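Enquirer:
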Amino acid sequence: MREITITNLVSLAPSCATGIVNGIVKYQHFIEPVATSDLAMCHFMAQLAHESAGFQTTREFASGKAYEGRKDLGNVQPGDGQRYRGRGLIQTTGRANYREARDDIRKIVPDAPDFEQQPQELEKFPWALLSAVSYWTRRKIGELADRDDLVSVTAAVNGGTNGLEDRKRYLKRAKGIWALERLDKSRPVLRVGDSGDWVSKLQTALLKFGYRVVVDGVFGEHTKSAVVYFQNGRRLIADGVVGSLTWDALRR
């Protein structure tokens with residue numbers, strides 16, 4: 001894992017809060033399980049920067065009332081919406097997710113607080129950082145990050161694409177800060193509906209591997225099927241989305 005310095009974090013989020021930056025730097029060793037590659041680390045840090053409003057808060061600005069009665073979040077008791085509002089660097093939200101964070105973190109730090117009973121503790125370090133690691137790991141977001149698919153990473157973190165442009169800006173900065181060798185424009189993420197020269201290059205590569213596709217520059221269902229078969233054969237995520245790992249496999 002690449003070292004994270006105060007200078008790095010200030011460059012990523014110039015308006016950051018000193019306490020949060022110091023906490024990340026002090027406890028950065030906890031990030032190692034999710035920083036499995038430079039690319040994964042950059043995506044992780046970019047998402048944290050957005051979710052914490054540029055490393056300015058570890059508590060959601062909203063009151064949490066909008067989450068009241070959300071059984072999908074485990075909010076089954078009156079007041080759970082506010083009690084379990086977004087906290088930590090990735091804005092862990094809901095009673096069930098607080099419970100998950102507790103269980104995961106106690107595997108690393110056995111005497112960690114019971115966040116279900118003491119939800120405010122999740123705002124503090126190292127828990128604010130470890131809760132983000134827990135959330136990222138449980139949902140296998142690193143696999144999405146490794147194919148450089150910002151849309152899918154954002155959906156896994158946020159449940160949609162809220163703040164996508166802001167996350168994109170943070171990701172670009174993160175890649176520059178940690179000297180990532182892979183460039184956004186060198187190998188774009190491709191999916192159904194895309195078209196152009198890069199789709200033609202993809203189709204040509206698939207042909208060389210024996211897949212019967214038409215090189216027409218249009219990423220349709222037939223091309224997706226070929227991609228899925230190719231990914232399955234190489235033990236990649238077989239979802240028909242072409243990211244960096246699929247490109248790497250195609251060029252071998």
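So the sequence shown is numbered by full-length UniProt numbering: it starts at 1 and just counts up by one.
We treat Cβ as the ideally placed atom computed from N, Cα and C, and that holds for glycine.
All values derive from a computational prediction rather than experimental measurement.
Pull up the distance between the alpha-carbon of Val218 and that of Glu60, whole angstroms please.
Expert: 42 Å
Enquirer: Answer with buried or exposed for Glu3, where buried requires no fewer than 16 other C-beta atoms within 10 angstroms of its C-beta.
Expert: Taking a 10 Å sphere around the C-beta of Glu3, we find fewer than 16 other C-beta atoms and assign the residue as exposed.
Enquirer: Would you mind sorting Ala226 into buried or exposed? The rule is 16 or more other CB atoms within 10 Å of its CB.
Expert: buried
Enquirer: Over what stretch of residues does the alpha helix (DSSP H) that includes Leu207 continue unbroken?
Expert: 197-208
Enquirer: Identify every run of the alpha helix (DSSP H) within the stretch 105-139, keeping only runs that are complete inside it and at least 4 residues long; order them along the chain.
Expert: The stretch 105-139 contains these whole alpha helix (DSSP H) runs: 127-138.
Enquirer: What is the DSSP secondary structure of Val34, reduced to helix, strand or coil?
Expert: coil
Enquirer: Only counting the same chain, and skipping five residues up and downstream in sequence, which positions put a Cβ closer than 7 Å to that of Ile141?
Expert: Val153, Ala156, Val157
Enquirer: For Val214, count the other beta carbons within 10 Å of its own beta carbon; 16 or more makes it buried, fewer makes it exposed. Which is it?
Expert: With fewer than 16 other beta carbons inside 10 angstroms of its own, Val214 counts as exposed.
Enquirer: Using the C-alpha atoms, what's the distance from Arg95 back to Asp80?
Expert: If you take the alpha carbons of Asp80 and Arg95, they lie about 7 Å apart.
Enquirer: Here's the rule: buried if 16 or more other CB atoms are within 10 angstroms of the residue's CB, otherwise exposed. What is residue 262?
Expert: Missing from the structure shown is residue 262; the chain here goes from 1 to 252 and no further.
Enquirer: Below 8 Å CB to CB, which residues in the same chain sit around Ile108 once its five sequence neighbours on both sides are set aside?
Expert: Phe30, Leu130
Enquirer: Starting from the Cα of Gly193, find the closest Cα among Leu171, His222, Asn75 and give me that residue.
Expert: His222
Enquirer: From this set, Asp114, Asp72, Arg99, Ile177, which residue's C-alpha is nearest Cys42's C-alpha?
Expert: When each option's Cα is compared against that of Cys42, the closest is Ile177.
Enquirer: Could you pull out every residue in the same chain whose Cβ sits closer than 8 Å to the Cβ of Leu190, ignoring the five residues on either side in sequence?
Expert: Taking Leu190 as the centre and dropping the five residues before and after it, the same chain places the C-beta of Trp198, Val199, Leu202, Phe219, Val241, Val242 closer than 8 Å to its C-beta, in chain order.
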